[in-house]
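In this note's numbering, the protein residues as written are 4 to 357.
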Amino acid sequence: MPKDAASSLPSPRTLPELIARRASERPAGVVYSFLPDGEGEAQPLTWSALDRRARAVAAGLAESGAAAERVLLLYPPGLDYVVGFLGCLYAGATAVPVYPPRPNRPMPRLLAIRDSARARFALAPAALRPRLTGPLGPGVEVADLEELAAAGSEAWRDPGIGAETLAFLQYTSGSTAEPKGVMLDHGNLLANLELIRDGFALTPEDRAVFWLPPYHDMGLIGGLLEPLLTGYPVTLMAPVAFLQKPLRWLQAISDTRATVSGGPNFAYELCVSQIPEEQRKALDLSSWQVAFNGAEPVRRATLDRFAEAFGPCGFRRSAFVPCYGLAEATLLVAAGGEKTSDGSDRSDRSVRSS
4 MPKDAASSLP
14 SPRTLPELIA
24 RRASERPAGV
34 VYSFLPDGEG
44 EAQPLTWSAL
54 DRRARAVAAG
64 LAESGAAAER
74 VLLLYPPGLD
84 YVVGFLGCLY
94 AGATAVPVYP
104 PRPNRPMPRL
114 LAIRDSARAR
124 FALAPAALRP
134 RLTGPLGPGV
144 EVADLEELAA
154 AGSEAWRDPG
164 IGAETLAFLQ
174 YTSGSTAEPK
184 GVMLDHGNLL
194 ANLELIRDGF
204 ALTPEDRAVF
214 WLPPYHDMGL
224 IGGLLEPLLT
234 GYPVTLMAPV
244 AFLQKPLRWL
254 QAISDTRATV
264 SGGPNFAYEL
274 CVSQIPEEQR
284 KALDLSSWQV
294 AFNGAEPVRR
304 ATLDRFAEAF
314 GPCGFRRSAF
324 VPCYGLAEAT
334 LLVAAGGEKT
344 SDGSDRSDRS
354 VRSS
């Protein structure tokens, strides 16, 4: 689509509208790349393949009677998780992201969320189904993406959703009480995605790396959905890949020349304590322009230690962007870079608060 024609179109009201437009503009462009083990060869997903796969899953959900229903999403981090989540939205269903249950462990959180959401459907890998059907009970139908997508994308019918259609339920941690679901519609999501884009001065020329869990706001909205709005590619890895070997995170930034990445304060501490100087020598972090730090208290001592340890790798302290958000506000509430003595931003970008 010519650039001037694209700019004259009305703003998308929903995420499926947004993805369909991106797919028509640059069908062969890669939007997601997943590193299965946090390193090695990435699995790519283009805009056209994302749109096609999401439509196929949505068609299967509609055929199963799940349109406008709450659907538990129990896939591990990866491309299937992304397709499953967006397939729910394409069907007009409400996605309910939940951590997949661990082997031979009780499922109190999952069952509490099932009851709270009044979910009657669940998406899960075929291998996980035998462990779910009993605990979830006969009132929850469990399906996997492959069987749902069997009819193909051509079977999809537009459910007629809009900005006020509920997109997903974002459950709080439930660490001190029963988990509570925050209702987010498409309008909420697009508004906060625009806030993130404008606040961090993001552009389609950016490149991101994310390892954060896609079951919470920062990993899901900031990691998986922001690239859809702004139009930049993102390289993904599972949280466990980073936790087992923090070097994988910074190596992915170095290898892909990523400009945007980040995590909670502890992630930066792990890199300082677990990546020895010898391994740091192979890293080039000079492309990193937005190093956000949020989801827990941001400690200046951590910023100091990280900047000192990885400054020789090209990391600039001015890239740090401390930020604050909460699920009840969709994600981002405020963010800002450090200031110089005269009060101006030290970052190359203008980072604004909301």
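Glycine included, C-beta positions come from ideal geometry on N, C-alpha and C.
How would you label residue i, buried or exposed, when you count the other beta carbons within 10 angstroms and need 16 or more for buried?
{"i": "Glu72", "result": "buried"}
{"i": "Pro249", "result": "buried"}
{"i": "Val225", "result": "At residue 225 the sequence reads Gly, which differs from the Val that was named. Counting Cβ neighbours within 10 Å, Gly225 comes out buried, since at least 16 surround it."}
{"i": "Glu20", "result": "buried"}
{"i": "Met240", "result": "buried"}
{"i": "Glu281", "result": "exposed"}
{"i": "Glu217", "result": "With the sequence shown as reference, residue 217 is identified as Pro, and Glu is not the correct amino acid for it. Counting Cβ neighbours within 10 Å, Pro217 comes out buried, since at least 16 surround it."}
{"i": "Arg303", "result": "exposed"}
{"i": "Asp247", "result": "It is Gln, not Asp, that sits at residue 247 in the sequence shown. Exposed, since its Cβ has fewer than 16 Cβ neighbours within 10 Å."}
{"i": "Asp147", "result": "buried"}
{"i": "Pro325", "result": "buried"}
{"i": "Thr17", "result": "buried"}
{"i": "Arg260", "result": "exposed"}
{"i": "Ser264", "result": "buried"}
Counting only beta-carbon separations shorter than 8 Å, does residue i have a partner in chain D?
{"i": "Pro80", "result": "Absent from the structure: chain D. Only one protein chain is present."}
Output the distance between the C-alpha atoms of residue i and residue j, rounded to the nearest integer angstrom.
{"i": "Ala170", "j": "Ala152", "result": "20 Å"}
{"i": "Glu272", "j": "Met221", "result": "19 Å"}
{"i": "Ser119", "j": "Gly165", "result": "24 Å"}
{"i": "Arg112", "j": "Ala285", "result": "42 Å"}
{"i": "Arg29", "j": "Thr233", "result": "13 Å"}
{"i": "Ala94", "j": "Arg108", "result": "32 Å"}
{"i": "Val336", "j": "Val33", "result": "Confidence is the limiting factor: at Val336 the pLDDT is only 47, short of 50, which leaves the residue's position unreliable and the question unanswerable from this model."}
{"i": "Leu172", "j": "Leu227", "result": "16 Å"}
{"i": "Asp161", "j": "Val99", "result": "21 Å"}
{"i": "Asp201", "j": "Thr262", "result": "15 Å"}
{"i": "Leu77", "j": "Leu192", "result": "21 Å"}
{"i": "Met110", "j": "Leu215", "result": "22 Å"}
{"i": "Ala26", "j": "Glu167", "result": "23 Å"}
The beta strand (DSSP E) spanning residue i covers which residue range?
{"i": "Val263", "result": "Val263 to Gly266"}
{"i": "Leu18", "result": "Premise fails: Leu18 lies in the alpha helix (DSSP H), Leu18 to Glu28, not in any beta strand (DSSP E)."}
{"i": "Leu131", "result": "Where Leu131 is concerned, there is no enclosing beta strand (DSSP E), given that its DSSP letter is neither H nor E."}
{"i": "Ala368", "result": "The question about residue 368 has no answer, for the chain in this structure spans 4 to 357."}
{"i": "Ser36", "result": "Val33 to Leu38"}
{"i": "Glu144", "result": "Glu144 to Ala146"}
{"i": "Pro111", "result": "No beta strand (DSSP E) holds Pro111; the alpha helix (DSSP H) holding it covers Pro111 to Ala120."}
{"i": "Thr168", "result": "Looking at the DSSP string, Thr168 is not in any beta strand (DSSP E), and its letter there is neither H nor E."}
Worksheet entry | At least three beta-carbon pairs within less than 8 Å, the segment 269-288 to the segment 311-320 | Contact between the segment 269-288 and the segment 311-320 is established, with three or more Cβ pairs separated by less than 8 Å.
Discussion item. What ranges does the alpha helix (DSSP H) occupy inside the segment 58-102, keeping only unbroken runs of at least 4 residues that lie completely in it?
Written reply: Within the segment 58-102, the complete alpha helix (DSSP H) runs of at least 4 residues are 82-93.
Discussion item. Does the segment 54-72 come into contact with the segment 80-95, if we say contact requires no fewer than three beta-carbon pairs (one atom in each stretch) closer than 8 Å?
Written reply: The segment 54-72, when compared against the segment 80-95, does touch it at the 8 Å Cβ threshold.
Worksheet item: What are the start and end residues of each continuous alpha helix (DSSP H) run of 4 or more residues lying completely inside the segment 174-261, in chain order?
Response: List check, alpha helix (DSSP H) in window: 189-202, 229-233, 242-247 and 250-259.
Worksheet item: How about the segment 37-45 and the segment 120-134: do they share at least three Cβ pairs that are nearer than 8 Å?
Response: Remark: fewer than three beta-carbon pairs, one from each stretch, lie closer than 8 Å, so the segment 37-45 and the segment 120-134 are not flagged as touching.
Worksheet item: Which whole runs of the alpha helix (DSSP H) in the segment 267-320 are 4 residues long or more, in chain order?
Response: DSSP runs (the alpha helix (DSSP H)) wholly in the segment 267-320: 268-277, 280-283 and 303-313.
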